[in-house]
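Numbering (my numbering), first residue to last: 35 to 121.
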């Protein structure tokens, strides 16, 4: 990124979010391994709610890398010199 400390700070934030996303994935895997053996004993409605929530959080985690890649690309575009902008 450019020498602009604002963009360097943004890059660091994105890096932290990537690490946090990986940490979340690990925590959710750990929780899942603790909960899954008990799910079969839950009432059907609770199992269904759990499975739906699990699909939602898994989908959200799966989208994070792509979202972060788009954000990083946007920062690169903003911070690069652009003759059209006089930069």
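Ideal Cβ positions, reconstructed from N, Cα and C, are used throughout, including at glycine.
Residue 105 and residue 48 do touch by the CB rule: their CB atoms are close to 6 angstroms apart, below 8 angstroms. Here DSSP, grouped into helix, strand and coil, assigns residue 92 to helix. When Cβ pairs closer than 8 angstroms are counted between the two stretches, the region 84-101 is seen to touch the region 55-63, the count reaching three or more. Collapsing the DSSP output to three states places residue 108 in a helix. A straight-line Cα-Cα distance of about 47 angstroms links residue 72 and residue 41.
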